[in-house]
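J.: So the mapping is simple: this note's numbering equals the position in the sequence shown, first residue as 1, plus 44.
The following block contains the structure, expressed as structure tokens.
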Amino acid sequence: MGIGSLTPAGVVFLDRDGVITREVFYPSSGEWEAPMQPGDLELLPGALEALVALTRAGWPLAVVSNQAAFAKGKVALASLLRVHEVFVELLARGGVQLADAFYSYSHPEGVVPGFSGPSLERKPGHLFLVLGAARHGWDLGRSWMVGDRDSDVEAGLRAGCRTVQLANPRAGSKAGSSSPHFRANTLTEASDIILRHGG
Ligand SMILES: [Mg+2]
45 MGIGSLTPAG VVFLDRDGVI TREVFYPSSG EWEAPMQPGD LELLPGALEA LVALTRAGWP
105 LAVVSNQAAF AKGKVALASL LRVHEVFVEL LARGGVQLAD AFYSYSHPEG VVPGFSGPSL
165 ERKPGHLFLV LGAARHGWDL GRSWMVGDRD SDVEAGLRAG CRTVQLANPR AGSKAGSSSP
225 HFRANTLTEA SDIILRHGG
């Protein structure tokens with residue numbers, strides 16, 4: 045008898061900004077960043093449809109996102125929490141429900157006490173992926189991590205997941221960074237890869 049049917053299924057872990065939502069240019073910092081206010085939140089074209097396709101194929105979806113703006117003193121934590129609420133509302137309107145969402149609000153060079161310095165949660169740390177697997181019974185070896193930064197790929201690799209890196213012209217890869225299993229231009233392409241390869 046095979047034990048396949050008893051093996052817990054995997055999950056698709058997703059970075060949020062630059063993958064599902066648009067990065068926002070803030071003149072105050074001169075940088076493209078995660079949306080800091082609910083009104084700045086915008087889903088990328090095709091992202092919702094890609095998540096619907098994964099959901100229909102039976103994949104649970106979990107967001108794993110670094111949100112360092114709070115630790116850097118740029119925005120109130122309440123704003124980032126509200127951005128997440130609006131994000132969940134936008135997904136729900138399109139028929140997509142997240143199984144879980146993990147946010148790191150810390151940064152190594154942060155200025156907010158308790159959110160600055162080393163963090164196991166912040167990608168490339170893979171703590172949140174392991175935590176999700178423990179909480180939901182997901183099999184990390186049958187799971188995927190999709191992100192646009194080297195740190196997303198690294199977190200996925202450390203957790204033993206297969207990885208898809210989306211192209212982001214603003215996120216240059218550092219020399220010596222780990223290679224993803226697959227590269228894609230959009231979440232649509234990434235979801236096609238996942239649906240083709242399965243769990
Ligand atoms: Mg990103």
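The beta-carbon is built from N, C-alpha and C at its ideal position, and this holds for glycine as well.
From a predicted model like this one, the values you see are computed outputs, not experimental measurements.
On the criterion of 16 or more Cβ atoms from any shown chain inside 10 Å, does L58 qualify as buried, or is it exposed?
T.: Taking the first residue of the sequence shown as position 1, residue 58 is located at position 14. The residue is buried, with at least 16 neighbouring Cβ atoms inside 10 Å.
J.: Within this structure, are the beta carbons of F172 and V108 separated by less than 7 Å?
T.: The residue you call residue 172 lines up with position 128 of the sequence shown. The residue you call residue 108 lines up with position 64 of the sequence shown. It is a contact, given that the beta carbons lie within the stated cut-off.
J.: Can you find the residues in the same chain that come closer than 7 Å, C-beta to C-beta, to G139, ignoring five residues on each side of it along the sequence?
T.: Within the sequence shown, the letter at position 95 stands for residue 139. Only V96 meet the Cβ criterion.
J.: Is D59 near ligand 1, in the sense that its beta carbon is under 6 Å from a heavy atom of that ligand?
T.: Within the sequence shown, residue 59 is the residue found at index 15, counting from 1. Because some heavy atom of ligand 1 lies under 6 Å away, the Cβ of D59 counts as near it: yes.
J.: Give the single residue among H128, E93, A106 whose Cα lies nearest to the Cα of Q81.
T.: In the sequence shown, residue 81 corresponds to position 37, counting from 1. Taking only the C-alpha atoms, the option nearest Q81 is H128.
J.: Specify the secondary structure class of E198 as computed by DSSP and reduced to three states.
T.: For the purposes of this step, residue 198 is taken as residue 154 along the sequence shown, with counting starting at 1. In the structure shown, E198 sits in a helix (DSSP, three-state: H, G or I).
J.: Which value, in whole angstroms, describes the spacing of the CA atoms of R240 and V55?
T.: Position 196 of the sequence shown, counting from 1, holds the residue named residue 240. Position 11 of the sequence shown, counting from 1, holds the residue named residue 55. About 15 Å.
J.: Using a threshold of 6 Å, is the CB atom of G169 nearer than that to any non-hydrogen atom of ligand 1?
T.: Taking the sequence shown and counting its residues from 1, one reaches residue 169 at position 125. Checking every heavy atom of ligand 1 against the Cβ of G169, none is found closer than 6 Å.
J.: Note down the Cα distance separating V197 from F226, rounded to an integer number of angstroms.
T.: Locating residue 197 in the sequence shown gives position 153, counting from the first residue. Locating residue 226 in the sequence shown gives position 182, counting from the first residue. Between V197 and F226, the C-alpha separation is close to 10 Å.
J.: Which residue from R166, A91, G243, L105 puts its Cα closest to that of A113?
T.: For the purposes of this step, residue 113 is identified with residue 69 of the sequence shown, where counting begins at 1. A113 has its Cα closest to that of R166, out of R166, A91, G243, L105.
J.: How is T99 classed by DSSP in three states: helix, strand or coil?
T.: Mapped onto the sequence shown, residue 99 falls at position 55. Helix.
J.: When we look at the beta-carbon of P157 and count the other beta-carbons within 10 Å, is it buried (16 or more) or exposed?
T.: Counting from 1 along the sequence shown, the entry for residue 157 is found at position 113. By the 10 Å Cβ count, P157 comes out exposed.
J.: Which partner residues of D59 appear in the DSSP bridge assignment?
T.: In the sequence shown, counting from the first residue as 1, residue 59 sits at position 15. The partner list for D59 (beta bridge, DSSP) is empty, contrary to what the question assumes.
J.: Which term fits P213, buried or exposed, when burial requires 16 or more other beta carbons within 10 angstroms of its beta carbon?
T.: Numbered from 1 along the sequence shown, position 169 holds the residue referred to as residue 213. Exposed, by the Cβ-count rule.
J.: Comparing C-alpha positions only, which one of D183, G220, R66, A143 sits nearest to G83?
T.: Numbered from its first residue, the sequence shown carries residue 83 at position 39. When each option's Cα is compared against that of G83, the closest is R66.
J.: So, for L175: in the same chain, excluding its five sequence neighbours on each side, which residues have a beta-carbon less than 6 Å away from its beta-carbon?
T.: Counting from one through the sequence shown, the residue named residue 175 turns up at place 131. Result list for L175: empty, nothing under 6 Å.
J.: Report the rounded CA-to-CA distance for L125 versus K218, giving the unit in angstroms.
T.: To locate residue 125, count along the sequence shown from 1; it is residue 81. To locate residue 218, count along the sequence shown from 1; it is residue 174. If you take the alpha carbons of L125 and K218, they lie about 30 Å apart.
J.: Using the beta-carbon count (16 or more within 10 Å), is S235 buried or exposed?
T.: As a first step, residue 235 is located in the sequence shown; it is residue number 191 there, counting from the start. Classification for S235: buried.
J.: What residues in its chain sit with their C-beta under 7 Å from that of G243, if we drop five residues either side in the sequence?
T.: Position 199 of the sequence shown, counted from the start, is the residue given in the question as residue 243. Excluding residues within five positions, the ones whose Cβ falls inside 7 Å are A53, G54, R186.
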